[in-house]
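Down below is the structure, laid out as C-alpha cells.
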Amino acid sequence: MSKVQQGRKDYLMIFEPESALLVGVEIPSPGQIPIEESLEELKRLAHTAGTSVVGELIQKRSKPDQKYFIGSGKVEELKALIASSNANLVIFDIFLSPSQDRNLEEALGVKVIDRTELILDIFAQHAKSREGKLQVELAQSSFIVSRLTGHGSMMSRLGGGVGTRGPGETKLEYDRRKVRKRISELKKEIEKIREERSLRREKRKKSHLKLAALVGYTNSGKSTLLNALSKSDVLAYDKLFATLDPTIRRVHLPNKKVLLLTDTVGFIAKLPHQLIAAFRATLEEVSEADFLLHVVDASHPYFRDQITAVYSVLEELNSAAKPIITVFNKIDRLGKKLPPELLEKYKPAVAISAYYGTGLEELMDLLGG
Ligand SMILES: Nc1nc2c(ncn2[C@@H]2O[C@H](COP(=O)(O)OP(=O)(O)OP(=O)(O)O)[C@@H](O)[C@H]2O)c(=O)[nH]1
Ligand SMILES: [Mg+2]
Numbered sequence: 009m010s011k012v013q014q015g016r017k018d019y020l021m022i023f024e025p026e027s028a029l030l031v032g033v034e035i036p037s038p039g040q041i042p043i044e045e046s047l048e049e050l051k052r053l054a055h056t057a058g059t060s061v062v063g064e065l066i067q068k069r070s071k072p073d074q075k076y077f078i079g080s081g082k083v084e085e086l087k088a089l090i091a092s093s094n095a096n097l098v099i100f101d102i103f104l105s106p107s108q109d110r111n112l113e114e115a116l117g118v119k120v121i122d123r124t125e126l127i128l129d130i131f132a133q134h135a136k137s138r139e140g141k142l143q144v145e146l147a148q149s150s151f152i153v154s155r156l157t158g159h160g161s162m163m164s165r166l167g168g169g170v171g172t173r174g175p176g177e178t179k180l181e182y183d184r185r186k187v188r189k190r191i192s193e194l195k196k197e198i199e200k201i202r203e204e205r206s207l208r209r210e211k212r213k214k215s216h217l218k219l220a221a222l223v224g225y226t227n228s229g230k231s232t233l234l235n236a237l238s239k240s241d242v243l244a245y246d247k248l249f250a251t252l253d254p255t256i257r258r259v260h261l262p263n264k265k266v267l268l269l270t271d272t273v274g275f276i277a278k279l280p281h282q283l284i285a286a287f288r289a290t291l292e293e294v295s296e297a298d299f300l301l302h303v304v305d306a307s308h309p310y311f312r313d314q315i316t317a318v319y320s321v322l323e324e325l326n327s328a329a330k331p332i333i334t335v336f337n338k339i340d341r342l343g344k345k346l347p348p349e350l351l352e353k354y355k356p357a358v359a360i361s362a363y364y365g366t367g368l369e370e371l372m373d374l375l376g377g
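Under my numbering, the first residue of the sequence shown carries the number 9, and numbering increases by one thereafter.
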C-alpha cells in the first residue's frame, strides 16, 4: 500500500505490502446494497491500493456485536483463516468503532482496517497537487484524531520520535494535541486555496461562460468524457479514484458557444464522511456549477445502485436540486441497446461511449440547448 508517508513523518498511516482477508457483514437495513456487490467493490479497492486479497468472509447478523462487530464465533473462524492463508491484514467492509478496531487487532494479532482507512490510503497514493495532498492529509488527520481515544494500537501507525513531553502529560494527550494542531494548520492552508478558487470563480463569472461539473461514480468515465469533449488528455485510468484534482477545460459547442467543464473526484457508496469534509474545497466546484453531467457506467452490473449512491453524495453537497444531464456511458460494452425507459426516467439523458466517441453529437446538442 501507500508509500507516501516517506518524507512526511508524523501523521500518515504506515502500511507494508499485504495479503488481506476481506470481511463483509450484512445487517438488513433499507437501501442497503447487496453484501456480495459491496465486497466485490472492496476487493477492487484493495487491488487499487496494491494489496493482494487471499480470502473473504461474510457474516449476516441482525445487529452489530458491540465488542467485535462480528460475533465471537466468527472471530475464531477468522483467526483460523488468517493462520491458513498467512494473511497479515484484515479489511472490514464497514465502519468500525475505535474500540472494535482495537479489540479485533488484539484478538486476531494482525492489523485491522476498515473501508474508510482503505479509501484514505488510495487517496494518499493518488493525490498529486498541493491541494489534493493537503486535503488527503486533513482527512487522515481527522480520522486519526477520531481514533486517538484509548490504548495505543493506533499509536504504532503514527510516526515515532514524538519529541519531549510536557511534565505529567501522557503520550496520548500529547499526540492528540499534536494532530489537532496539524489539523488547524491544514485547515488554514486549505482556506487559502478556497479563497484563491473563489477569486478565480469571480473572474469566471465575469466571462459569462457557463460552468458544468462532471459527477459520477468512480471509474464511470468522467475523465475520458472530459478528454473527448475538450480534446485534451486528462489522466483516465482503470483504477478507482484516478482523479482527485478538479481540472477545468473549455468545450466548444456546435452553436459556437463555449462551456467550461470541470472533472471531479469520483463518488462511491459509503464514502467516508471525513473525505467529503476534507474535500470541500474541491467539491465546491460541484456546488458552484450551473448544471451537472452525471456520468453512469451503464455496463456495470450494479449501475442502478451507483446512481443512488451518487444522488446521496449530491444531497450531502446540497447539489441534488441542480439541473442534471444523465450520461449513460460505455454503451459499447452492452450486448443490447440501453432500455429506452431508462433514458425516459432520467430525462434529459443520452447514451454514449466516451471511449469510442459514440453519441457525443447528441450530448453536445443537449449541452448547447
Ligand atoms: N469500454 C469503454 N471503456 C470506457 C469508456 N469510457 C471510459 N472507459 C474506461 O473506463 C475506465 C475509467 O475511466 P475514467 O475516465 O478514468 O473514469 P473516471 O470516472 O474519471 O474515474 P475516477 O477518476 O477514478 O473516478 C478507463 O479504463 C477508461 O478507458 C467507454 O465509453 N467504453
Ligand atoms: Mg477521473
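For glycine and all other residues, C-beta sits at the position ideal for the given N, C-alpha and C.
Rounded separation between L375 and L261 - CA only: 7 Å
At 3 residues or longer, what runs of the beta strand (DSSP E) sit wholly inside the region 319-353? 332-337
Grab me the residues of D271's own chain with a C-beta within less than 7 Å of its C-beta, minus the 5 sequence neighbours each way, in chain order. L222, K230, S231, L234, V242, T251, P254, T255
Spatially closest choice to R205 from Q282, A289, L219, by CA coordinates: A289
When the distance is taken between beta carbons, is L248 closer than 7 Å to R123? no
Closer than 6 Å: is that where the CB of K75 sits relative to any heavy atom of ligand 4? Because ligand 4 does not appear in the structure shown, any question about it cannot be addressed here, the ligands present being ligand 1 and ligand 2.
Beta carbon of F131: closer than 6 Å to some heavy atom of ligand 1? no
Residue burial classification, P280 (beta-carbon count within 10 angstroms, cutoff 16): buried
Among the residues of its own chain, which have a CB less than 7 Å from the CB of F287, if the five just before and after it don't count? Q143, V273
Can you give the Cα-Cα distance for S137 and F336, rounded to whole angstroms? 30 Å
Going by DSSP, what residue range makes up the alpha helix (DSSP H) through G224? Run containing G224: none in the alpha helix (DSSP H); it sits in the beta strand (DSSP E), 218-224.
For L291, does the count of other Cβ atoms within 10 angstroms reach 16, so buried, or fall short, so exposed? buried
Could you check how far apart the C-beta atoms of L30 and I99 are, in whole angstroms? I think they sit under 8 Å. 5 Å
H260 (DSSP reduced to helix, strand or coil): strand
Which listed residue (L219, P38, R110, G58) has its alpha carbon closest to that of A132: G58
Using alpha carbons as the reference points, say which of H55, L104, A306, L128 lies closest to Y76. L104
Taking the alpha carbon of K82 as the reference point, which residue from S92, K68, V294 has its own alpha carbon closest? K68
Rounded separation between I360 and V303 - CA only: 10 Å
Round the Cβ separation of L47 and E26 to the nearest angstrom and send it over; I've been treating them as touching at under 8 Å. Not quite, the Cβ-Cβ distance comes to about 17 Å (not below 8 Å), so this is no contact.
Using a Cβ-based criterion (distance less than 6 Å to any ligand heavy atom), does Y363 qualify as near ligand 1? yes
In terms of residue numbering, what span does the beta strand (DSSP E) encompassing D253 cover? D253 -> no beta strand (DSSP E), and no H or E assigned at all.
Please identify the residue among L350, A244, D73, L237 whose C-alpha is closest to the C-alpha of I2. Since the displayed the chain opens at 9 and closes at 377, residue 2 lies outside it and no answer follows.
Beta-carbon spacing of L301, A220 below 7 Å: yes
Bridge partners for I121 per DSSP, in chain order? I99
To the nearest angstrom, how far is it from the Cα of Q282 to the Cα of K186? 19 Å
Would you kindly work out how many angstroms separate the C-alpha atoms of A357 and F299, rounded to a whole number? 13 Å
Between K278 and ligand 1, is the CB less than 6 Å from at least one heavy atom? no
Return yes when the Cβ of L346 is within less than 7 Å of the Cβ of A306, no when it is not. yes
Going by CA-CA distance only, name the one from K278, Y354, P331 that's closest to V321. K278
Nearest to H308 (by Cα), restricted to the options K71, G224, D183, S93: G224
Using DSSP's beta-bridge definition, name the partner residues of I66. G32
Return yes when the C-beta of K230 is under 6 Å from any heavy atom of ligand 2, and no when it is not. yes
Pick out whichever of K344, K119, L351, S154 has its Cα sitting closest to the Cα of I332. L351
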